[in-house]
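In full-length UniProt numbering, the protein residues as written are 1 to 465. Below is one structure; the comments refer to it alone.
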Amino acid sequence: MNFTRKRSLRFLIPLILLVGLVIFLSLRWKVWFSNLPEVSYTPSDTIDRLTLTPGQDICHDVTVSWRAGSEPAKSWVVYTSDSMPEIHLPAMASRVESRGGVDVFYSAHLKGLDNQREYKIQVYTDGCSNTDSLTIAFPHPDSTLRLMYLGDLQDIDLAEAKKKLDSISRYYLSTDLYLQVGDLIERPMNSYWDLVYRSVGETLMKRRFVATPGNHEVIKGFRKKIDPRWKAQFNYPLNGPAGQEGLSYYIDHPHCRIVSLNSNHLDRPLELYHQLSWLDDVLGSASQPFLIVMMHHSVKPVRGTRSHPIMYSLVRPILERHKVDLVLAGHDHAYARTTHPDKDAYRSTTPVYLISSFSGKCYENGFSPIFDRLGSGTAFYSLIELTDRSLDFSTYTIDQQLTDHFRLLRPDKAEGQGRVPSRFEELGLDLPEYLLFDQFAGNEKGRKKRAAYQEALKKRLSNKH
Ligand SMILES: [Fe+2]
Ligand SMILES: [Fe+2]
């Protein structure tokens, strides 16, 4: 009898596990493996998607990229400045087959330019009609560097997307680099790329655009990959880890090193090993006063039930060991700032972890006390001003309301000492938090969730006073 029961259990347990696995996979199938089909398209014979991205040395190098038709043709860049004779530079073609069509993208790297001059750049492709020329100036190595940090965009409505841009239009000329932390598009499709270029392209892409890939730019599958148009449009320096070149990369200014980590590709052992070793190396070898890391997924998510065990247990220790100043993330469609607690000194210190969103799509935020500042239910943008001694960070809502403000100061260099953390100065204690999320379902469950959210909000407000 006992023998028979043991035999039945031996079969029953694997069967239960197998059924559990099948149920789990069927629930996650759509999230992990399913892609919406892309409508087929043919790019026109007009040059479009003109994009400027920085080279590794952002004070002297720039890359210009564009799209033109679906067959490679002779392409080149002409650039000039004041009395300088025109320089003609051949462009490299890259034929990209997507799920909906074939595009040919071109790129040319302009290196070692003079950061005291302003340049005019014109791009050409044989047989394709032209675009306006671009004017570019470089950030000066000794001047204040002005960055704008933008979270997910994921716009699905062109008019709405353009309206959001009005809120940042007064910064267009003074911003040196736009840092965008992924989910720039809603889905990896030509129609969404068109939408983003027709809205933000005219302004952000023609300034220097620094992006890191988000999960909405991923083609899902057993071997998921970033939409091939991403790399063809955004030609970042190929100084990343094996297999992630151009997706994980770093760029340098004398005031800071900015590192993009492709956080979509951290789940296979070998790519995880390459990515983490590379991150450790590029942070360890930086000699600049400030270190900024951009990645789509945060180590401490602000969306209620989310967690990222790999980010928290494997990426975070590297960021903290190297005393990174800012860690910029997105993905949660809300705003949050967390400082690293210095338990010995009873004060906040770096890294400062940030999550932001520039999207009309908003998620419910959590209220964990680890978050020094929170925001939700609207879009945010942050301005970062850096010198070699200080970093000033301010966040505004789309309605121009200042909602976060802090400063980081670099300590005096001490001989023989390793990298020490920046001093954190809180400047936003009296600023209001904009917790406006209210997209709950109209049913009983939604009403309960709204009540719980309002209760948590009340508790947070009473704890702050
Ligand atoms: Fe997103
Ligand atoms: Fe995301």
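Even glycine gets a Cβ: it sits at the ideal position worked out from N, Cα and C. The structure presented is a predicted model; accordingly, all values stated were derived computationally and were not measured.
- The chain-ordered list of residues whose CB is nearer than 7 Å to some heavy atom of ligand 2 reads D152, G182, D183, G214, N215, H216, H296, G330, H331.
- Bounds of any beta strand (DSSP E) do not take in V196; it lies within the alpha helix (DSSP H) bounded by 190-196.
- Distances from the CB of Q154 to the heavy atoms of ligand 1 include at least one below 6 Å.
- Between T203 and the set S191, G214, D176, Y192, the nearest pair of CA atoms involves D176.
- CA-to-CA, the gap between M148 and V218 works out to about 24 Å.
- Within the DSSP secondary-structure output, H405 pairs in a beta bridge with S394.
- Distances from the alpha-carbon of T350 to those of S107, L391, R49 put L391 closest.
- In this model, S307 and Y353 are separated by some 15 Å (Cα to Cα).
- The Cβ neighbour count for I168, taken over all protein chains shown within 10 Å, is at least 16; the residue is labelled buried.
- Taken atom to atom, the span from the alpha-carbon of K6 to that of G375 is near 56 Å.
- Per the coordinates, the alpha-carbon of H274 lies some 37 Å from the alpha-carbon of A161.
- DSSP places E320 inside the alpha helix (DSSP H), whose first and last residues are 316-321.
- Judged by DSSP secondary structure, K120 falls within the beta strand (DSSP E) whose first and last residues are 118-125.
- Exposure of S83 is indicated by the presence of fewer than 16 other C-beta atoms within 10 angstroms of its C-beta.
- Restricted to the segment 122-206, the alpha helix (DSSP H) segments that are unbroken, complete and at least 4 residues in length are 158-166, 190-196, listed in chain order.
- Per DSSP, the continuous alpha helix (DSSP H) segment holding Y273 begins and ends at 269-284.
- Between D166 and the set I87, S94, F380, L145, the nearest pair of CA atoms involves F380.
- Note that the C-beta distance between C59 and P188 is not below 7 Å.
- Membership of S94 in the beta strand (DSSP E) is indicated by the continuous run 92-97.
- In the DSSP secondary-structure assignment, V218 is bridged to I226.
- Per DSSP, reduced to three states, the secondary structure at V420 is coil, with no helix or strand assignment.
- Residue environment for T51: buried (at least 16 other C-beta atoms within 10 angstroms of its C-beta).
- Rounded to whole angstroms, the gap between the alpha carbons of A211 and S65 is 14 Å.
- With respect to G428, E364 sits apart: the two C-beta atoms are not nearer than 7 Å.
- Within its own chain, the residues whose Cβ lies closer than 8 Å to the Cβ of L272, once the five positions on either side in sequence are excluded, are L266, I310, L314, listed in chain order.
- The three-state secondary structure of M311, taken from DSSP, is helix.
- As far as DSSP is concerned, I16 takes part in no beta bridge.
- The three-state secondary structure of T4, taken from DSSP, is helix.
- Measuring C-alpha to C-alpha distances from S44 to each of L110, T53, N190 identifies N190 as the nearest.
- L435 sits close to L457, with the two beta carbons spaced by under 7 Å.
- Three or more pairs of CB atoms, one per stretch, sit closer than 8 Å, so the segment 251-258 contacts the segment 278-297.
- If you look at S462, you'll find it in the alpha helix (DSSP H) that goes 444-464.
- In the structure shown, the three-state DSSP call for I87 is strand.
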